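**Q** Numbering (my numbering), first residue to last: 1 to 386.
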Amino acid sequence: MAFPGASSSAAGYNLLHPLLSFIINIMMFLGNTVFIFSMLCLVDLDDYASTVFLLGLIDALAAAPAGELVAQIPRPAANKAEATATVDRMMRFLASHGVVTCSTDEGAAPAPDGSSTVLRRYAKRPVCRWLSATNNGEGSLAALAMFGFQQPFLNPWQHMAEAVLSGGVAFEMANGMPAFEYMGKNPQLSALYNQAMSQLSLLVCRKMLEGRFTAVGGFDDIQVLVDVGGGAGTALGMIPSRYKHIKGINFDLPFVISQTKPIPGVEHVGGNMLDYVPSGDAVFMKSVLHLLDDDDCVKLLNSCYWSVPEKGKVIAMEVVLPATPETTQAGRFPFQFDIICLLNGLKGGRERTEQEYARLATGAGFRTPIRSTAVFGAYWVLEFIK
Ligand SMILES: C[S@@+](CC[C@H](N)C(=O)[O-])C[C@H]1O[C@@H](n2cnc3c(N)ncnc32)[C@H](O)[C@@H]1O
1 MAFPGASSSA
11 AGYNLLHPLL
21 SFIINIMMFL
31 GNTVFIFSML
41 CLVDLDDYAS
51 TVFLLGLIDA
61 LAAAPAGELV
71 AQIPRPAANK
81 AEATATVDRM
91 MRFLASHGVV
101 TCSTDEGAAP
111 APDGSSTVLR
121 RYAKRPVCRW
131 LSATNNGEGS
141 LAALAMFGFQ
151 QPFLNPWQHM
161 AEAVLSGGVA
171 FEMANGMPAF
181 EYMGKNPQLS
191 ALYNQAMSQL
201 SLLVCRKMLE
211 GRFTAVGGFD
221 DIQVLVDVGG
231 GAGTALGMIP
241 SRYKHIKGIN
251 FDLPFVISQT
261 KPIPGVEHVG
271 GNMLDYVPSG
281 DAVFMKSVLH
291 LLDDDDCVKL
301 LNSCYWSVPE
311 KGKVIAMEVV
321 LPATPETTQA
331 GRFPFQFDII
341 CLLNGLKGGR
351 ERTEQEYARL
361 ATGAGFRTPI
371 RSTAVFGAYW
381 VLEFIK
């Protein structure tokens with residue numbers, strides 16, 4: 001079906017709006033339910049998961065000595081019996097999606113009314129480690145899942161249709177300002193966001209450092225590496241820990257830098273990447289270009305161009321879109337991320353294809369062809385050489 005173009009006429013608007021709302025409701029349902037799990041090529045899960053994370057059940061499961069737990073509440077609940085039954089319903093939902101195993105205890109005592117009761121026992125499956133709070137430092141998706149369900153990031157769905165028609169940004173319509181400005185005024189939200197990004201970086205950057213990108217010598221000739229939009233500095237901290245000769249500069253907005261902790265081999269610097277980029281032998285950027293529209297991408301990449309020496313490079317790690325959508329669980333992930341950019345990102349932020357990134361890089365002065373390496377899931381490393 002060809003999608004009709006947005007019409008400015010009243011009749012066109014009235015026809016288009018219900019259709020848009022319908023599509024957006026479907027997107028919201030699918031986007032919210034499968035985002036986290038598609039990354040692991042797993043099953044869909046809805047926002048019960050957020051409640052489960054809040055109750056700490058996944059961590060409780062992972063910490064259970066025998067790896068097994070009868071459904072129970074780790075925090076005091078007003079009505080324990082009712083709460084236990086509610087959590088049992090959540091756990092069996094997770095069991096139906098293969099997140100935990102469920103076995104029934106035939107020997108359970110009958111209920112007071114004489115009816116038989118079945119006691120369900122749950123045990124973690126290997127996937128639970130990606131849902132625990134820290135996963136022993138290997139990266140976790142728990143903070144990302146929690147972040148995605150924070151109210152300021154859910155409300156924009158209600159404004160999506162208006163945003164499409166008016167050309168505005170749904171997050172700004174819902175919250176009155178762009179996302180990073182909003183987080184600058186909400187330190188707890190910002191801390192959760194940085195935690196979510198850090199945990200994701202631990203997961204993805206470990207793959208980068210262990211994988212093919214390292215094998216072709218990606219970081220070998222670099223003395224000073226600038227991470228633009230580096231957040232808490234987690235990704236940058238991983239690089240000097242493997243490449244001892246590298247000094248890292250973690251560059252991010254001042255309110256983000258004010259929340260960082262010291263990292264060996266890394267200097268934290270606050271500033272606005274659209275004003276300037278600190279000098280180094282190379283620039284690393286993970287999940288930053290997707291924040292910006294094409295013009296700002298070229299502007300930022302051009303600042304990077306002038307901040308590195310001749311033959312210096314930008315190492316950009318981004319989700320890369322295939323030109324045609326794929327229907328596999330893993331194949332959906334980049335398109336879901338793109339919808340998150342559309343919903344909550346800055347104006348014009350988007351996921352892009354390899355060709356689109358190549359065009360932006362050459363527009364900023366870098367050589368062709370760019371060098372591209374698939375790292376993990378839809379994450380690619382794109383090298384732009386000066
Ligand atoms: C998607 S996060 C990625 C964080 C980190 N690179 C990672 O992957 O874990 C984008 C980062 O860009 C930073 N950022 C956004 N606008 C910026 C600006 N104008 N100048 C510097 N940093 C900015 C945000 O604060 C945030 O830390």
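Idealized CB from N, CA, C, for every residue including glycine. The structure displayed is predicted, hence computed values, not measured ones.
#1: Using DSSP with H/G/I as helix, E/B as strand and the rest coil, what is Gly184?
#2: Can you name the start and end residues of the alpha helix (DSSP H) that Leu321 belongs to?
#3: Can you say whether Phe337 is buried or exposed, counting buried as having 16 or more other CB atoms within 10 angstroms of its CB?
#4: Can you determine whether any heavy atom of ligand 1 sits closer than 8 Å to the C-beta of Gly229, and answer yes or no?
#5: How long is the line joining the alpha carbons of Leu382 and Met317, rounded to whole angstroms?
#6: In the DSSP assignment, what are the bridge partners of Ile418?
#7: What residues in its chain sit with their C-beta under 6 Å from that of Ala196, if we drop five residues either side in the sequence?
#8: Looking only at C-alpha atoms, which of Lys313, Val87, Gln188, Val288 sits nearest to Pro152?
#9: Does the pairing of the segment 322-334 with the segment 371-378 give three or more beta-carbon distances under 8 Å?
#10: Within 10 angstroms of its Cβ, does Tyr276 collect 16 or more other Cβ (buried), or is it exposed?
#11: Please specify which runs of the alpha helix (DSSP H), each continuous and at least 4 residues long, are wholly inside the segment 234-260, giving them in chain order.
#12: Would the C-beta of Ser241 count as close to ligand 1, meaning under 8 Å from any of its heavy atoms?
#13: Helix, strand or coil, according to DSSP, for Leu274 in the structure here?
#14: Residue range of the beta strand (DSSP E) that Thr373 falls in?
#15: Can you round the beta-carbon distance between Lys286 and Gly265 to whole angstroms, since I take them to be within the 8 Å contact cut?
#16: Would you say Ala232 touches ligand 1, meaning its beta carbon is less than 8 Å from a heavy atom?
#17: Phe255: which of Leu291, Glu181, Pro325 sits nearest, CA to CA?
#18: Between Ser132 and ligand 1, is there a pair consisting of the residue's CB and a ligand heavy atom that are separated by less than 8 Å?
#19: Could you check how far apart the C-beta atoms of Phe251 and Val228 are, in whole angstroms? I think they sit under 8 Å.
#20: Say whether the segment 162-171 touches the segment 342-350, bearing in mind that this needs 3 or more beta-carbon pairs closer than 8 Å, one atom from each stretch.
#21: Which one of Trp157, Gln259, Thr324 has the shortest CA to CA distance from Gly184?
#22: Consult DSSP for Asp295 and reduce its assignment to one of helix, strand or coil.
#23: At a threshold of 8 Å, does Phe251 count as lining ligand 1 (C-beta to nearest heavy atom)?
#24: Leaving aside the five residues before and after Ala235 along the sequence, list all residues of the same chain whose C-beta is less than 6 Å from its C-beta, in chain order.
#25: So, helix, strand or coil for Asp88, using DSSP?
#26: Look at the alpha carbon of Val314 and the alpha carbon of Ala179, and state the distance between them as a whole number of angstroms.
#27: Let me check understanding here. Comparing Cα to Cα, which of Asp294, Tyr305, Thr373, Pro126 lies closest to Val226?
#28: Can you list, in chain order, the residues of its chain with a C-beta nearer than 6 Å to that of Ile370? Leave out the 5 residues immediately preceding and following it.
**A** Based on what the coordinates show:
#1: Indexing the sequence shown from 1 puts residue 184 at position 184. Residue state, collapsed to three classes: helix.
#2: Counting from 1 along the sequence shown, the entry for residue 321 is found at position 321. Taken as a continuous stretch (DSSP letters only), Leu321 belongs to no alpha helix (DSSP H), being part of the beta strand (DSSP E) at 313-321.
#3: Working through the sequence shown from its first residue, we reach residue 337 at position 337. Phe337 is buried by the Cβ-count criterion.
#4: One-based indexing of the sequence shown puts residue 229 at position 229. At least one heavy atom of ligand 1 is nearer than 8 Å to the Cβ of Gly229, so yes.
#5: For this step, residue 382 is matched to residue 382 along the sequence shown. For this step, residue 317 is matched to residue 317 along the sequence shown. Distance from the CA atom of Leu382 to the CA atom of Met317, rounded to whole angstroms, is 6 Å.
#6: No answer is possible for residue 418: it lies beyond the span of the chain, which begins at 1 and ends at 386.
#7: By one-based count along the sequence shown, residue 196 stands at place 196. Taken in chain order, the residues that qualify are Ala143, Leu144, Phe147.
#8: On the sequence shown, residue 152 is found 152 positions in, with the first residue counted as 1. Of the candidates Lys313, Val87, Gln188, Val288, the one whose C-alpha sits nearest the C-alpha of Pro152 is Gln188.
#9: Here the segment 322-334 lies against the segment 371-378, with 3 or more beta-carbon pairs under 8 Å apart.
#10: Within the sequence shown, the letter at position 276 stands for residue 276. Label assigned to Tyr276: exposed.
#11: 234-242, 254-257
#12: Counting from one through the sequence shown, the residue named residue 241 turns up at place 241. For ligand 1, not one heavy atom lies less than 8 Å from the Cβ of Ser241.
#13: In the sequence shown, the residue the question calls residue 274 occupies position 274. In this structure, Leu274 counts as coil in the three-state DSSP scheme.
#14: For the purposes of this step, residue 373 is taken as the residue at position 373 of the sequence shown. It spans 371-376 - the beta strand (DSSP E) in which Thr373 sits, taken as one unbroken run.
#15: Stepping through the sequence shown from its first residue, residue 286 is reached at position 286. Stepping through the sequence shown from its first residue, residue 265 is reached at position 265. About 17 Å; that fails the 8 Å criterion.
#16: Position 232 of the sequence shown, counted from the first residue, corresponds to residue 232. Yes, the beta carbon of Ala232 sits closer than 8 Å to at least one heavy atom of ligand 1.
#17: Within the sequence shown, the letter at position 255 stands for residue 255. Selected option, being the one with the closest Cα: Glu181.
#18: Indexing the sequence shown from 1 puts residue 132 at position 132. No, ligand 1 has no heavy atom inside 8 Å of this Cβ.
#19: Counted from its first residue, the sequence shown places residue 251 at position 251. Counted from its first residue, the sequence shown places residue 228 at position 228. Distance from Phe251 to Val228 at the Cβ level is roughly 5 Å; contact confirmed, criterion being Cβ atoms closer than 8 Å.
#20: yes
#21: Translated into the one-based positions of the sequence shown, residue 184 becomes position 184. It is Gln259 whose Cα lies nearest to the Cα of Gly184.
#22: For the purposes of this step, residue 295 is identified with residue 295 of the sequence shown, where counting begins at 1. Note: Asp295 maps to helix in three-state DSSP.
#23: The sequence position of residue 251 within the sequence shown is 251, counting from 1. Indeed, a heavy atom of ligand 1 lies less than 8 Å from the Cβ.
#24: For the purposes of this step, residue 235 is taken as residue 235 along the sequence shown, with counting starting at 1. Result list for Ala235: Ser201, Cys205, Lys286, in chain order.
#25: Within the sequence shown, residue 88 is the residue found at index 88, counting from 1. Here Asp88 sits in helix by DSSP.
#26: Residue 314 sits at position 314 when you count from the first residue of the sequence shown. Residue 179 sits at position 179 when you count from the first residue of the sequence shown. Their Cα atoms are separated by approximately 25 Å.
#27: By one-based count along the sequence shown, residue 226 stands at place 226. Checking every option, the nearest Cα to that of Val226 belongs to Tyr305.
#28: Stepping through the sequence shown from its first residue, residue 370 is reached at position 370. Correct list, in chain order: Ala358, Ala361, Leu382, Phe384.
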